[in-house]
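Take a look at the structure set out below.
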Ligand code: UDP
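Residue numbers (UniProt numbering): 1 to 507.
Take a look at the structure:
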């Protein structure tokens, strides 16, 4: 690796993300952030995931950022996984294949060891996803300090930690019973059904226990957040775990270079970039609602139609992301034989991967209907976009609580039960969608105050990431004494991409 050879005094960090978009994206952003501040970074990634972000890898090279993408081949066949199944959202029958997927990820320890062995000097630090407990013995073997990266909010990980360590669910017989999170800075009630805790699923006990165990052996924790957003919860997590926490986010804001921003997670989005910008460019400020539920959540056909009908009835402008696998024959017919025609003057349906950061950072966007994945929330917060919250599972219900009750920058759809696409139920009716959209997008004292609060957090987020010298001294000094604090701002425009016919309203 050139950086290591040419600049032997620079620190070298190895970053090992969990292969899931909600983890890969922020950890790649973090790699760029560290590289911009003078660290040599080796980002360990599987080949199919690297293929998805080839333009970003190319751009990183053009910008001469000292990042090496270490591409490991993924043993999908050995573990009975379909070809190219190298990321969580590719697992269609999730639980059946998920176990095999995790075992395949865990078998990457030998290739990682071989890579480290091939280096001329021992890396200074390894930042690995909390899910990647398999990296802990590797780090110990080579004497490398290991910092873990937690994907969710500190609000969630702190609450989850307290629930586990106080055995708060032990006496719970009804999974819908309300449990108060003990010793939490605010009153937070959860249910076991909504918030079961990290991978608390039968058949995954060994995986869960290993991750929780190795969380405790880590030398520190990195969170994609910023102090002004979550201070009491960050301090709480530090207090109860005794771990040092570095908040070096929001990572998404370090993508000042449009080319790094547009293909985050999937190069597929690059083709949609110009078309989306043209569409948004014709709209007034804060007039468009963006609807997307992240990389994993799927929505069943009946529910999709309720969403569409609610959007239509709201009379608001919208960009709605529908996943390719959600386009069943019923949905295709419903979209093409009525919905798209009726909403063609004010709606844009994006099928597949959307350039989310480009969309959320456009001034025409005035609201975001989200599943409450932490990256999506943080991306909206850093752009000052208030939200409609619709959690589905995992950390999402607790994240919703942070956004709606603590930060007061969201309108809740009041969904109480976790739900998955295969449940085939309508959880939110079109009229409730219409009401929430109008509450969020129409003016009025409440909506204006919500928007102002959100803008205020956006300013604070920008200060947190721009003032890299001041807000992160602990990170900069203790993670690596050689880090410098210069922020590189690259805003080269994207090269002209394939032009699109502007007649159709679907991408
Ligand atoms: N994302 C995107 N385009 C899409 C869907 C998702 O760029 O069409 C990105 C989004 O910007 C975020 C990540 O994928 O960075 C999703 O992470 P999040 O934590 O919000 O949800 P998850 O996918 O983990 O449920």
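Positions of the beta carbon are idealized from the N, C-alpha and C atoms, including for glycine.
- In this structure, residue 225 has its CB at a distance of at least 7 Å from all heavy atoms of the ligand UDP.
- In the DSSP assignment, residue 30 falls within the alpha helix (DSSP H) that extends over 21 to 36.
- Annotation: the continuous alpha helix (DSSP H) that includes residue 59 extends over 54 to 62.
- For residue 160, the enclosing alpha helix (DSSP H) stretches over residues 154 to 165.
- Proximity of the region 110 to 129 to the region 193 to 200 falls short of the contact definition, fewer than three beta-carbon pairs being nearer than 8 Å.
- Counting only the Cα atoms, residue 16 lies some 40 Å from residue 317.
- The region 235 to 260 is shown to contain no whole alpha helix (DSSP H) run of 4 or more residues.
- Cα atoms of residue 457 and residue 110: separation of roughly 43 Å, rounded to the nearest angstrom.
- Collapsing the DSSP output to three states places residue 227 in a helix.
- Comparing alpha-carbon positions, the option among 13, 31 and 4 lying closest to residue 251 turns out to be 31.
- When secondary structure is reduced to three states using DSSP, residue 11 falls in the coil class, being assigned neither helix nor strand.
- In this structure, 356 is the residue among 411, 59 and 356 with its C-alpha nearest to the C-alpha of residue 22.
- Close CB contacts of residue 70 within its chain, under the 6 Å cut and outside five residues either way in sequence, are with 42, 44 and 115 (chain order).
- At least 8 Å separates the beta-carbon of residue 226 from that of residue 241.
- Using a Cβ-Cβ distance cut-off of 8 Å, the region 147 to 165 and the region 213 to 221 are in contact, since at least three pairs of beta carbons, one from each stretch, lie closer than that value.
- If only uninterrupted beta strand (DSSP E) runs of at least 3 residues are considered, those enclosed by the region 402 to 456 are 410 to 412.
- Within its own chain, the residues whose Cβ lies closer than 7 Å to the Cβ of residue 386, once the five positions on either side in sequence are excluded, are 367, 409, 410, 440, 450, 451 and 454, listed in chain order.
- Membership of residue 91 in any alpha helix (DSSP H) is not indicated, and neither H nor E is assigned to it by DSSP.
- Fully enclosed beta strand (DSSP E) runs of no fewer than 3 residues occupy 317 to 322, 347 to 351, 365 to 370 and 387 to 389 of the region 317 to 392, in order along the chain.
- In the structure shown, the three-state DSSP call for residue 41 is strand.
- Contact check for residue 185 against residue 233 passes: the beta carbons are separated by less than 8 Å.
- Taking C-alpha positions only, residue 123 is separated from residue 142 by approximately 9 Å.
- Here residue 324 has 351 and 352 as same chain residues with Cβ atoms under 7 Å from its own Cβ, once five neighbours each way along the sequence are excluded.
- Beta-bridge partners assigned by DSSP to residue 128: 16 and 148.
- In chain order, 29, 32, 261, 264 and 357 place their CB closer than 8 Å to the CB of residue 255, counting only its own chain and leaving out the 5 sequence neighbours on each side.
- If you compare the alpha carbons of 35, 329, 414 and 338 with that of residue 63, the shortest gap goes to 35.
- Under the three-state reduction of DSSP, residue 195 is assigned to coil, being neither helix nor strand.
- Between the region 306 to 320 and the region 422 to 440 there are three or more C-beta pairs closer than 8 Å, enough to call the two in contact.
- Per the coordinates, the alpha-carbon of residue 284 lies some 26 Å from the alpha-carbon of residue 375.
- For residue 212, no beta strand (DSSP E) segment is defined; the enclosing uninterrupted segment is the alpha helix (DSSP H) at 205 to 217.
- Not a single heavy atom of the ligand UDP lies less than 7 Å from the C-beta of residue 425.
- The residue from 219, 273 and 166 with its alpha-carbon nearest to that of residue 140 is 219.
- Rounded to whole angstroms, the gap between the alpha carbons of residue 228 and residue 460 is 7 Å.
- Short note on residue 449: C-beta not closer than 7 Å to any heavy atom of the ligand UDP.
- The shortest CA-to-CA distance from residue 391 to any of 416, 382 and 406 is the one to 416.
- The three-state secondary structure of residue 169, taken from DSSP, is coil.
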